[in-house]
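In this note's numbering, the protein residues as written are 4 to 258. Data block below; observations after.
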Ligand SMILES: C[S@@+](CC[C@H](N)C(=O)[O-])C[C@H]1O[C@@H](n2cnc3c(N)ncnc32)[C@H](O)[C@@H]1O
């Protein structure tokens with residue numbers, strides 16, 4: 004289209020209260036499987052510069068630099084994790100991560116919690132993913148992301164007074180921790196069933212103002228995670244907040 008005509012059209016639309024913006028709709032075939040929400044899986048971006056400290060701001064690099072090779076998460080997801088953990092440190096309760104793999108994101112949480120009296124409970128089979136749900140988990144494979152727990156413990160050795168490993172299958176590993184209270188939980192188990200099990204165990208034990216952070220809620224590949232979260236929070240006052248990073252957040256309301 005002729006640029007002048009384009010500008011006139013845009014100006015006219017703006018006068019009518021509309022804004023024209025290019026949003027690429029994903030051609031990712033996986034998005035098609037997301038059912039009624041399929042059209043909303045986009046590679047959204049802004050044409051304007053915005054502050055993006057995860058691209059290498061020194062404050063962020065100090066914490067993230069050493070863990071970049073150890074986590075499956077991206078820098079912007081790491082930034083959200085760090086920022087929300089910093090906030091939750093001011094609330095009562097312990098911290099937890101479900102889905103540890105090589106310990107990259109756990110290492111970030113340890114750095115935030117060092118010199119505090121909080122525990123960081125680390126739940127993982129270390130045998131990789133449990134059995135994917137036949138309908139909701141189209142991409143993942145049983146046993147994917149296995150890691151050697153001895154290596155991960157060694158990696159977190161400087162933080163052994165706060166890191167409490169609960170090795171085994173979720174939800175079995177929640178047994179014995181019924182009386183716990185949590186301020187922050189990072190849920191990164193990729194699949195429908197363990198995500199639902201995490202919601203069922205952690206939500207009632209979350210401090211008001213506390214955070215559940217779901218690592219891959221918005222990714223078409225991890226659709227089961229979204230199905231579990233949406234199913235669990237349907238009818239609850241808290242609703243998941245989808246983040247531009249692909250994560251989602253639930254903040255616990257006071258009773
Ligand atoms: C995506 S990886 C975690 C990545 C890690 N948080 C990071 O940032 O690098 C998913 C992890 O979930 C664990 N997992 C999946 N299903 C599980 C279950 N039912 N019980 C225990 N662990 C499970 C796997 O063993 C794997 O380590």
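Even glycine gets a Cβ: it sits at the ideal position worked out from N, Cα and C. Nothing here was measured: the structure is a model prediction, and the numbers come from that model.
(Q) Between which residues of its own chain and residue 109 is the CB-CB distance below 8 Å, once the five residues before and five after are set aside? (A) Once the five neighbours on either side are set aside, the close Cβ partners of residue 109 are 100, 103, 123, 125, 155, 159 and 166.
Report the CB separation of residue 251 from residue 244 in whole angstroms; it is logged as a contact under 8 Å.
Yes, they are in contact, since the Cβ atoms of residue 251 and residue 244 sit about 6 Å apart, within 8 Å.
Check your understanding: Going by beta carbon distance, what residues of the same chain come within less than 8 Å of residue 210, once the five residues before and after it are set aside?
Key -> When the five nearest sequence neighbours on each side are left out, the beta carbons in the same chain lying within less than 8 Å of the beta carbon of residue 210 are those of 94, 95, 96, 184, 185, 186 and 255, in order along the chain.
TODO: Select from 192, 12, 161 and 157 the residue whose C-alpha is nearest the C-alpha of residue 171.
DONE: Residue 171 has its Cα closest to that of 192, out of 192, 12, 161 and 157.
| For residue 178, does the three-state DSSP call read helix, strand or coil? | DSSP, reduced to helix, strand and coil, places residue 178 outside both helices and strands of the structure shown, so it counts as coil.
| Whether residue 67 touches residue 81 by CB criterion (9 Å) | Taking 9 Å as the Cβ cut-off, residue 67 and residue 81 qualify as a contacting pair.
| task | In the DSSP assignment, find the beta strand (DSSP E) that holds residue 163 and state where it starts and stops. | result | Run containing residue 163: none; DSSP gives neither H nor E here.
| message | Under 8 Å: do the segment 34-45 and the segment 217-226 share three or more Cβ pairs, one atom per stretch? | response | Contact holds: three or more Cβ-Cβ distances are below 8 Å.
6 Å Cβ shell around residue 121 - same chain, five flanking residues per side excluded
The answer, listed in chain order, is 97 and 98.
Worksheet entry | Nearest-angstrom Cβ-Cβ length linking residue 132 and residue 153, presumed shorter than 8 Å | The pair is not a contact, with the Cβ atoms about 20 Å apart (cut-off 8 Å).
Checklist line | Backbone secondary structure at residue 151 - three-state DSSP | finding: Residue 151: coil per DSSP, three-state reduction.
First and last residue of the uninterrupted alpha helix (DSSP H) at residue 82:
In the DSSP assignment, residue 82 falls within the alpha helix (DSSP H) that extends over 78-91.
Subject >> Per-residue DSSP class, three states only, for residue 60 >> reply: DSSP places residue 60 in the coil class of the three-state scheme, outside both helix and strand.
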